[in-house]
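Written out below as structure tokens is the structure these notes cover.
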Amino acid sequence: MEIIHTIEVKALVELQKMDAAMDAKKAIAAGVPVKIAALNAAFEAKKRSMSAAHEALLALQVKKKDSELKIAEAEEGIRKHQRELNLVKDNNAFKALLSEIENDKKNKDELETGILFLLEEIDKASVQDKAIREEVKKIEETMRAEVAALEATAKEIAAGLETAKAERAAAAAALNPDLLEKYENIRVNKKGLAVAVVHEDPATPGKYSCGGCHMSLTPQKTLDIKKHDTFAVCQDCRRLMYLEKTVYGEPVKE
Ligand SMILES: [Zn+2]
0 MEIIHTIEVK ALVELQKMDA AMDAKKAIAA GVPVKIAALN AAFEAKKRSM
50 SAAHEALLAL QVKKKDSELK IAEAEEGIRK HQRELNLVKD NNAFKALLSE
100 IENDKKNKDE LETGILFLLE EIDKASVQDK AIREEVKKIE ETMRAEVAAL
150 EATAKEIAAG LETAKAERAA AAAALNPDLL EKYENIRVNK KGLAVAVVHE
200 DPATPGKYSC GGCHMSLTPQ KTLDIKKHDT FAVCQDCRRL MYLEKTVYGE
250 PVKE
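The end of the sequence shown is residue 253 by numbering that gives the first Met the number 0, with every number in the run present.
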């Protein structure tokens, strides 16, 4: 079948427009949970880096505390050995204690130097920890606003679709069942577009292409689309083609 005669050309074109609008809205609604999931995932990733920064800071603080305990132990050792110095009579034991004290002092110095280094590290880690905390807070606020907007969009679309569905059902019910069935079948096979407008090449007036598959029309199809109450069937994609001005008339010139 290369052409379809029907007085319902305009009605079917209108139905296709309704369906296309509904499909577009559905696609947006379907994208909403995906977008929300992506926002959540990005936020969770940021939160993990926040925890890592905080753990790094805590680890440094634990290390500092540990060094402080070791210094206290070294000091205790020094005091103990100094008390013992007063009690020993033997020269070798005396020397051994002095050597112990020297050793403790050396340890203490090293630990104190280590603490100075740790304090610098803790300062840096604190700055980092605070910065990432603030960043996460900002991201969370932005994310919450975006999610709320997306949810509002989805809700609005769902409400609009309910109305559109009712209008679509009424429009479909008014059509010839055979024509409707043909339309539905093509729509299933052609990603929702069964009725395609024909485009005229602006550079080559009189040269037309199918709005569905973009193939050029044969001379016969070019004649067919100018006939009233007629769909020309695209020779390439089998969609039902129409010419805007044949269906809706010449646009009003201002
Ligand atoms: Zn086509």
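Yeah, the Cβ is synthetic: ideal placement off N, Cα and C, and Gly gets one too.
For M142, the three-state secondary structure derived from DSSP is helix.
Annotation for R132: M49 place their beta carbon closer than 7 Å to its own, counting only its chain and skipping 5 residues before and after. Burial state of V31 is buried, judged by a 10 Å Cβ sphere holding 16 or more other Cβ atoms.
With contacts defined as CB atoms closer than 9 Å, V194 and Y207 fail to qualify as a contacting pair.
Per the Cβ contact rule, the stretch 90-105 is not in contact with the stretch 9-28 (fewer than 3 Cβ pairs under 8 Å). For D200, the Cβ stays outside the 8 Å cut-off from all heavy atoms of ligand 1.
A Cβ-Cβ separation of about 7 Å places V8 in contact with T229 under the 8 Å criterion. Runs of the alpha helix (DSSP H) lying entirely within the stretch 136-196, each at least 4 residues long, are 176-188 in chain order. M240 has its CB nearer than 8 Å to a heavy atom of ligand 1.
DSSP, reduced to helix, strand and coil, places I6 outside both helices and strands of the structure shown, so it counts as coil. When C-alpha distances from K190 are compared across A26, L174, I114 and E111, the shortest belongs to A26.
The beta carbon of L84 is closer than 6 Å to those of L96 in its chain, skipping five residues each way along the sequence. In this structure D65 is exposed. Its beta-carbon is surrounded by fewer than 16 other beta-carbon atoms within 10 angstroms. The beta carbon of L115 lies closer than 7 Å to none in the same chain, with the five residues before and after it left out. For L239, no alpha helix (DSSP H) encloses it; the enclosing beta strand (DSSP E) starts and ends at L239 to Y241.
The beta carbon of Q81 sits closer than 7 Å to the beta carbons of I100 from its chain, once the five residues preceding and following it are set aside; these are given in chain order. If you draw a straight line from the Cα of I121 to the Cα of A144, it comes to about 35 Å. By the C-beta density criterion, T162 is exposed, having fewer than 16 other C-beta atoms within 10 angstroms. Burial of K220 is indicated by the presence of at least 16 other C-beta atoms within 10 angstroms of its C-beta. Take I77, set aside five residues on each side of it, and the residues of its chain with a beta-carbon closer than 7 Å to its own are I100, D103 and K104, in chain order. Closest by C-alpha distance to Q234, out of R186, H227 and H213, is H213.
The secondary-structure analysis by DSSP pairs F230 across a beta bridge with I3. Take D200, set aside five residues on each side of it, and the residues of its chain with a beta-carbon closer than 6 Å to its own are K206, in chain order. For I70, the closest C-alpha among the options N106, A58, V87 and I3 is that of N106.
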